[in-house]
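Down below is the structure, laid out as structure tokens.
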Amino acid sequence: MVRESSRETGNPDIVLGLLNSIERDSSITQRKLAGDLGIALGLANAYLRRCVRKGLIKIGQVPLNRYAYFLTPQGFAEKSRLTAEYLTASFIFFRRARTDCASLLRDCADAGWHRVALYGAGDLAEIAVLSAGESDIAVVCVIDGKQARGRCAGVPIVADMAAAQRQCAFDGIILTDTRAPQACFDELSITTTEHGLSLDRILAPTLLGVSRMPVLGDTSERVSLEARL
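Position 14, counted from 1, in the sequence shown is what numbering that gives the first Met the number 0 calls 13; the numbers after and before it change by one each time, with no gaps.
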């Protein structure tokens, strides 16, 4: 039998989601659990087995040959600990994001910008919109191909750079993608150049840890975005 590695089943967010789901519904099926967690069925099964081995969950049999899952006292304690860690991390992220976004928006104002687009919908984009409400900079759209035609904190989401340029004029772009920020920055660097925008029109919060990569034959040294503008 192949044992799953702790690396594969050690994501604390997934463990917390699993424990919360089982607390809400002890008769939840593995398929439903996998759907709720957004992971493959086999991986959900691996997480369940690991939680059982660690003493966080016990399994009972119910009628119709189905299983029920129950949190143990240790499981409740772990859920509480993970919840506290999640809230702490969320608060730290929010505080850093607000600070970074406020700093970027001041840079935009100093550069004479008035309208910006965001690149990537999600929590960071929502914080950027919130921060913009306390500045003289307007967020006119969010560019995100996966969520096009929706809205992010009341701001319209467009599919790509071409759509953004057609629908709303803007002075620059702030990167707000937290899923793959460096890859998105590299892609955005090429896209903006193709659409006639200079690379200094792209800004990113320092918390994303993005660096400027050589783009389109530029062999200059990698420069941290902390030296923006």
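Just so it is clear, CB atoms sit at the ideal spot from N, CA and C, and this is done for glycine as well. The structure presented is a predicted model; accordingly, all values stated were derived computationally and were not measured.
Buried or exposed by the 16-neighbour rule on C-beta atoms within 10 Å, applied to residue i
i      : result
Glu220 : Because Glu220 sits at a pLDDT of 36, beneath the cut-off of 50, its placement in the model cannot be relied upon, and the following sentence gives the value as read from the coordinates. Glu220 should be labelled exposed.
Phe184 : buried
Ala124 : buried
Ile189 : exposed
Inter-residue Cα distance where the pair is residue i and residue j
i      : j      : result
Asp135 : Gly34  : 42 Å
Ser197 : Ala116 : 15 Å
Asp43  : Ser102 : The sequence as given places Ala at residue 43; Asp does not occur at that position. Cα to Cα, Ala43 sits roughly 41 Å from Ser102.
Pro155 : Val128 : 11 Å
Ala108 : Asp170 : 11 Å
Gln166 : Arg148 : 12 Å
Among the options, the one whose alpha carbon lies nearest that of residue i
i      : options                        : result
Ile13  : Ser26, Glu77, Thr71            : Glu77
Asp143 : Ala163, Ser210, Arg52          : Ala163
Lys145 : Asp106, Val139, Ala131, Val157 : Val157
Arg65  : Gly37, Thr28, Arg49            : Thr28
Residue(s) in a DSSP beta bridge with residue i
i      : result
Val51  : According to DSSP, Val51 bridges with nothing at all.
Phe69  : Lys57
Leu117 : Val141, Ile173
Ile201 : Ile172
Cys151 : Val154
N-terminal and C-terminal residue of the beta strand (DSSP E) that residue i is part of
i      : result
Pro180 : Note, Pro180: premise wrong, no beta strand (DSSP E); alpha helix (DSSP H) at 180-193.
Val154 : 154-157
Cutoff 8 Å: residue i Cβ touching any chain C Cβ
i      : result
Arg200 : Absent here is chain C; the protein component of the structure consists of one chain.
Residue i, enclosing alpha helix (DSSP H) - first and last residue
i      : result
Pro11  : 11-23
Val128 : 122-131
Gln146 : Here Gln146 belongs to no alpha helix (DSSP H), and DSSP marks it neither H nor E.
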